[in-house]
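Chains as they are written, first to last, in our numbering: chain A, 42 to 170; chain B, 26 to 302; chain C, 7 to 490.
Yeah, the Cβ is synthetic: ideal placement off N, Cα and C, and Gly gets one too.
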Amino acid sequence: MEDFLTQLTSKYNFWAYIVLMMVGLYAMIAKGNLIKKLIGLSIFQTAIMLFYVAIGSKAGATIPILRDHTLKGVIDFVEYINPLPHVLMLTAIVVSVATLGVALALVLRVYDVHQTLEEDEILEKIKNP
Amino acid sequence: MKKTALLAVILTGALLILSMENFPSWGDVQSPASLHLSRHFIEKSYEQTLTPNLVTAVLGDYRGFDTMLETVVVFTAALACFLVIRLPRDVCTPGLFYYRHTRTGLVVRKHDACELPGENPTFERVDSDWPPHDVVVVSTCRMVIPFIQLFGLYVVAHGHYSPGGGFQGGVIFAASYVLLAVSHDLRTLVHRLNERVTHLLSAAGVLLFFGVGLFGMAMGLNFLDYGALEGVLGMSLASGHSLGILLVEIGVGMTVTAALVIIFKLLSSRGTVTEGL
Amino acid sequence: MHDVVLTILPLLFGSFLAILAGWTRSALVYPLGVVALALSTGFCVKLLLGVLSTGTATYLLGGWSPPWGIVFVIDTFSAGMMLLISGSALLTYLAFRAEIIEGFAEKTAAFVALLLLTVAGHMGIVATGDLFNLYVLIEVAALSGYALLGYGSGRAPLASLNYLCVGSVGASLYLLGVGYLYILTGTLNMADLAQIMLAAPVTASLHGAVAVILFGLWVKMALFPFHGWLPGAYAMSSPVAAALLAPLTTKVMVYVVIRLLIGVIPGAAIPEALPDVAMLLGTAAIFAGSLMAYRQIDQRRMIAYILVAEVGYMVGGMFIGNRTAMTGAMLHIFADALMTLTLFLALGSIARQRGEMVLANMRGLFRTMPFTMAAFVLGAMSMIGVPPLFGFFSKWYLLSGALESGQYLFMVGLLVSSLVNVVLFFRIFETAFFDEPGESVRDIEHWSRVTPLAVAAVLLIVAGLSSGLIVDRLIAGIIPASLI
Numbered sequence: 042m043e044d045f046l047t048q049l050t051s052k053y054n055f056w057a058y059i060v061l062m063m064v065g066l067y068a069m070i071a072k073g074n075l076i077k078k079l080i081g082l083s084i085f086q087t088a089i090m091l092f093y094v095a096i097g098s099k100a101g102a103t104i105p106i107l108r109d110h111t112l113k114g115v116i117d118f119v120e121y122i123n124p125l126p127h128v129l130m131l132t133a134i135v136v137s138v139a140t141l142g143v144a145l146a147l148v149l150r151v152y153d154v155h156q157t158l159e160e161d162e163i164l165e166k167i168k169n170p
Numbered sequence: 026m027k028k029t030a031l032l033a034v035i036l037t038g039a040l041l042i043l044s045m046e047n048f049p050s051w052g053d054v055q056s057p058a059s060l061h062l063s064r065h066f067i068e069k070s071y072e073q074t075l076t077p078n079l080v081t082a083v084l085g086d087y088r089g090f091d092t093m094l095e096t097v098v099v100f101t102a103a104l105a106c107f108l109v110i111r112l113p114r115d116v117c118t119p120g121l122f123y124y125r126h127t128r129t130g131l132v133v134r135k136h137d138a139c140e141l142p143g144e145n146p147t148f149e150r151v152d153s154d155w156p157p158h159d160v161v162v163v164s165t166c167r168m169v170i171p172f173i174q175l176f177g178l179y180v181v182a183h184g185h186y187s188p189g190g191g192f193q194g195g196v197i198f199a200a201s202y203v204l205l206a207v208s209h210d211l212r213t214l215v216h217r218l219n220e221r222v223t224h225l226l227s228a229a230g231v232l233l234f235f236g237v238g239l240f241g242m243a244m245g246l247n248f249l250d251y252g253a254l255e256g257v258l259g260m261s262l263a264s265g266h267s268l269g270i271l272l273v274e275i276g277v278g279m280t281v282t283a284a285l286v287i288i289f290k291l292l293s294s295r296g297t298v299t300e301g302l
Numbered sequence: 007m008h009d010v011v012l013t014i015l016p017l018l019f020g021s022f023l024a025i026l027a028g029w030t031r032s033a034l035v036y037p038l039g040v041v042a043l044a045l046s047t048g049f050c051v052k053l054l055l056g057v058l059s060t061g062t063a064t065y066l067l068g069g070w071s072p073p074w075g076i077v078f079v080i081d082t083f084s085a086g087m088m089l090l091i092s093g094s095a096l097l098t099y100l101a102f103r104a105e106i107i108e109g110f111a112e113k114t115a116a117f118v119a120l121l122l123l124t125v126a127g128h129m130g131i132v133a134t135g136d137l138f139n140l141y142v143l144i145e146v147a148a149l150s151g152y153a154l155l156g157y158g159s160g161r162a163p164l165a166s167l168n169y170l171c172v173g174s175v176g177a178s179l180y181l182l183g184v185g186y187l188y189i190l191t192g193t194l195n196m197a198d199l200a201q202i203m204l205a206a207p208v209t210a211s212l213h214g215a216v217a218v219i220l221f222g223l224w225v226k227m228a229l230f231p232f233h234g235w236l237p238g239a240y241a242m243s244s245p246v247a248a249a250l251l252a253p254l255t256t257k258v259m260v261y262v263v264i265r266l267l268i269g270v271i272p273g274a275a276i277p278e279a280l281p282d283v284a285m286l287l288g289t290a291a292i293f294a295g296s297l298m299a300y301r302q303i304d305q306r307r308m309i310a311y312i313l314v315a316e317v318g319y320m321v322g323g324m325f326i327g328n329r330t331a332m333t334g335a336m337l338h339i340f341a342d343a344l345m346t347l348t349l350f351l352a353l354g355s356i357a358r359q360r361g362e363m364v365l366a367n368m369r370g371l372f373r374t375m376p377f378t379m380a381a382f383v384l385g386a387m388s389m390i391g392v393p394p395l396f397g398f399f400s401k402w403y404l405l406s407g408a409l410e411s412g413q414y415l416f417m418v419g420l421l422v423s424s425l426v427n428v429v430l431f432f433r434i435f436e437t438a439f440f441d442e443p444g445e446s447v448r449d450i451e452h453w454s455r456v457t458p459l460a461v462a463a464v465l466l467i468v469a470g471l472s473s474g475l476i477v478d479r480l481i482a483g484i485i486p487a488s489l490i
């Protein structure tokens with residue numbers, strides 16, 4: 042039990058991302074409104090970004106921009122947090138924004154065709170036009 | 026349906042929680058993720074690229090191909106929105122149009138008009154249910170917008186030394202145009218920055234990035250090797266890399282600005298790019 | 007020296023130029039696309055010949071050596087895939103010349119640019135040796151694909167939006183799995199990762215990472231029960247987009263899984279239950295796909311469901327766990343792509359003349375469009391698995407691999423789906439052969455459409471006859487010796 046508790050406390054960042062991710066996934070599966078589904082997708086992707094950023098953290102380190110006094114001397118990697126996850130997530134953020142833009146464009150077209158954004162109403166209209 | 030969804034979600038979450046058993050604790054300095062690649066980047070990248078901001082160095086140089094593709098993704102999104110929702114230019118989309126008599130302030134409503142009348146000094150177009158322009162909003166935004174744009178340029182240019190870079194700066198720059206459209210109307214924005222210009226600008230941005238890559242090939246190195254800039258203006262290898270990152274960031278900034286403005290215009294006007302908001 | 011990257015650069019460059027041309031000289035847009043695709047195909051041929059003579063080629067992007075930078079790694083199998091992708095895209099592009107120029111009016115430039123980008127994305131997925139770069143390339147390929155499939159009237163946007171949601175979740179799960187591997191090993195480069203994973207302790211987290219990655223890729227490749235988006239997306243969209251993407255998307259994802267399985271993830275890191283789950287899903291996909299295909303009225307939708315079954319073939323083949331079945335799965339990627347291409351090109355030509363693709367609209371086609379129908383028959387026969395067409399050989403490898411390992415249910419699935427395909431396609435042949443075409447029918451076969459189609463159909467025979475050569479030269483060397 043104690044083991045479990047230490048596990049829980051030393052890794053609470055991972056718990057947070059999993060809970061957030063599942064909220065997003067639930068919205069995507071269970072919500073009928075297309076916009077709500079897209080919001081779920083955004084939450085889902087954001088949770089993964091949080092996970093990556095958490096990988097980059099180091100206890101007692103600062104942001105990965107070298108300070109003047111270290112430029113001349115030896116750079117100690119313990120002083121700066123890991124820049125790589127930040128780089129990767131910059132890319133992932135851009136990708137998710139782009140995906141959201143395209144998705145909203147498609148939603149607009151769907152609305153033009155079916156005059157509704159509720160999935161069950163759309164299916165109803167397809168069945169009995 | 027909702028219960029099955031909930032069950033599936035809880036099950037997935039439980040599996041994910043079980044699978045993080047062997048992860049290092051949060052903030053562990055000796056975890057594999059902080060050692061292998063990351064250590065090399067922190068210790069070596071300044072002498073190789075002369076860029077104190079490590080994120081910019083890795084993003085623009087070591088993983089420059091990723092960044093190019095990421096710019097391509099933004100470019101793709103703009104094209105995708107254009108392809109999916111842009112209405113054909115020659116098709117009439119009838120609607121209500123409002124005109125205000127400039128002297129008296131009376132608003133005239135016109136039904137089912139397709140042809141937009143040309144410039145007319147006595148009447149001006151106004152948006153449908155939009156109140157007459159608020160002087161406070163308009164003049165405040167007019168004063169703020171240039172500063173936002175200046176800040177955007179600063180963020181692009183200063184990405185080497187502080188948080189920033191092409192994406193961030195490009196987004197800030199695009200936000201200034203969105204503010205212009207929100208405070209005035211979309212027509213003002215289109216008048217300033219028409220469709221053709223935004224599309225050409227978005228392509229030019231990726232082409233600049235691509236061109237830096239091709240320059241490397243032309244100098245006998247690999248694609249995107251900024252080492253090719255060594256010797257240009259008498260620069261050392263590392264400052265060549267630094268300049269390469271700057272050029273690339275400018276290209277990224279151009280594409281991001283243009284693409285976001287394209288997407289904003291298309292979405293807010295439902296594909297007509299003249300009306301809306 | 008630059009062969010590896012030169013296969014993709016013309017496509018990217020072409021797409022940027024297409025936009026510039028579209029707003030200045032729109033007549034240049036279509037030829038620009040032809041030039042870009044032809045250049046890319048040419049460099050792919052050169053690359054394949056180079057790889058065959060000198061072995062695996064690598065290219066350091068930005069000049070940084072791995073694992074610090076991003077590399078492209080091309081072995082014989084991936085060189086073959088690259089050629090397949092660019093070649094099939096070129097054939098589609100040439101065959102649908104009229105639709106591309108007329109069908110999109112002022113959006114032609116955007117369409118051509120997106121088409122080039124999606125091809126570039128798919129080729130990059132095959133080429134890259136970096137796990138995160140793979141994610142970005144997946145998104146480049148997918149995002150442009152959503153737009154191409156979503157352009158159309160009626161239900162196309164909804165189908166594409168559906169695809170977008172499912173596809174984004176799949177890609178995000180893949181990204182999550184990459185994050186898991188990164189936190190455990192500290193690297194993103196595939197070769198480096200393979201080294202580290204061999205030495206790494208096998209833990210629950212490692213199993214979790216592999217499971218999440220594979221799960222995400224299964225979602226992307228439309229493996230049953232995640233196949234819901236595929237039939238809608240391919241049947242509702244414009245025929246150009248369907249013919250372009252149907253041969254590529256699922257096959258490239260299958261390629262990624264195979265590459266990870268044989269080159270990166272050591273056997274110990276794969277959770278024990280995973281192969282069984284994969285076999286189960288693969289077999290279920292075959293049965294479900296065939297059953298659903300049988301119930302369709304629209305012929306494009308029917309072929310889309312057959313694609314769902316084909317994904318089952320390949321997933322089953324790669325998880326059976328012996329050399330023969332793996333060879334079969336890899337060969338089937340080529341075979342499936344080629345025959346899907348043939349069928350969709352033929353259906354595209356027919357749809358242009360006859361409109362909606364229901365059986366009643368296919369009367370008398372053998373008389374009015376003999377060449378198109380001949381190619382269609384070849385594609386269909388290959389789908390069924392008639393020797394000496396390509397589809398027969400890959401199916402043969404899969405069947406014998408399943409027999410070796412005693413996977414009898416999978417074997418039954420393969421045979422049943424072949425039988426269902428017989429029924430499905432002979433239904434079409436019967437209508438098209440025996441029924442009279444209507445009075446008002448005026449079908450035209452233009453050489454510009456028939457030639458690309460004929461090339462694809464002839465390739466089915468040629469590749470079938472030389473399938474032994476393909477296995478020897480392209481595939482056999484890639485499968486690790488440990489897999490018996």
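Asked, Found
"For A482/C, three-class secondary structure by DSSP", "coil"
"Outcome for K166/A when other beta-carbon atoms lying within 10 angstroms are tallied against a minimum of 16", "exposed"
"Completely contained beta strand (DSSP E) runs for the region 12 to 46 of chain C, where each covers 3 or more residues", "none"
"N-terminal and C-terminal residue of the beta strand (DSSP E) that Y186/C is part of", "Where Y186/C is concerned, there is no enclosing beta strand (DSSP E), although the alpha helix (DSSP H) it sits in stretches over 162 to 191."
"Near-chain A residues of the region 61 to 82 of chain B - C-beta to any C-beta below 7 Å", "L62, S63, R64, F66, I67, E68, Y71, P77, N78, L79, V80"
"P231/C at chain A interface by Cβ criterion, 9 Å", "no"
"Same chain, Cβ closer than 7 Å to Q73/B, neighbours up to 5 away in sequence not counted", "A263, H266"
"Same chain, Cβ closer than 6 Å to L254/B, five either side skipped, listed in chain order", "G265, L268, G269"
"Proximity of L125/A and L91/A at Cβ, strictly below 9 Å", "no"
"Strand pairing of H308/B, partner residues [DSSP]", "The structure shown does not extend to residue 308/B, since chain B spans only 26 to 302, so no value can be given for it."
"Touching by the beta-carbon criterion (3+ pairs, under 8 Å), the region 285 to 295 of chain C and the region 416 to 423 of chain C", "yes"
"Contained alpha helix (DSSP H) runs [length at least 4] in the region 152 to 199 of chain B, N- to C-terminal order", "160 to 182"
"Euclidean distance between Cα positions of A228/C and V317/C", "7 Å"
"Rounded C-alpha distance that separates G3/C from G20/C", "Residue coverage of chain C in this structure runs from 7 to 490, which leaves residue 3/C outside it and unanswerable."
"Opposing strand residues paired with Y121/A [DSSP bridges]", "T103/A"
"C-beta neighbour in chain A for F138/C, strict 9 Å", "yes"
"Near-chain A residues of the region 154 to 179 of chain B (beta-carbon distance less than 7 Å), N- to C-terminal order", "none"
"For A63/C: DSSP bridge partner residues", "I80/C"
"Near-chain A residues of the region 16 to 32 of chain C - C-beta to any C-beta below 7 Å", "none"
"Enclosing alpha helix (DSSP H) for H213/C [first to last residue]", "210 to 226"
"C-beta neighbour in chain C for K168/A, strict 9 Å", "no"
"Beta-carbon neighbours of M45/B, restricted to chain A and to distances below 7 Å", "K52, F55"
"Short CB-CB distance (under 9 Å) between M63/A and chain C", "no"
"Of the residues L233/B, V207/B, A206/B, L178/B, the one placed nearest M93/B, counting alpha carbons only", "L233/B"
"Of the listed residues H209/B, S227/B, H185/B, nearest to S70/B (C-alpha basis)", "H185/B"
"Opening and closing residue of the alpha helix (DSSP H) in which N427/C lies", "414 to 440"
"G61/C CB to nearest heavy atom of the ligand COA below 8 Å", "Annotation note on the ligand COA: not contained in the displayed structure, which lists no ligands."
"Alpha carbon of M308/C to alpha carbon of A115/C, nearest angstrom", "31 Å"
"For V115/A, the three-state DSSP class (helix, strand or coil)", "coil"
"Simplified DSSP assignment, three categories, for R360/C", "helix"
"Range covered by the alpha helix (DSSP H) that runs through V118/C", "114 to 133"
"Presumed contact (8 Å Cβ cut-off) between A248/C and R306/C, rounded CB distance", "7 Å"
"Opening and closing residue of the alpha helix (DSSP H) in which A291/C lies", "280 to 300"
"Contact list for D91/B against chain A, beta-carbon separation under 9 Å", "V128, L129, T132"
"Host alpha helix (DSSP H) of T37/B (start-end)", "27 to 43"
"Residue burial classification, I434/C (beta-carbon count within 10 angstroms, cutoff 16)", "buried"
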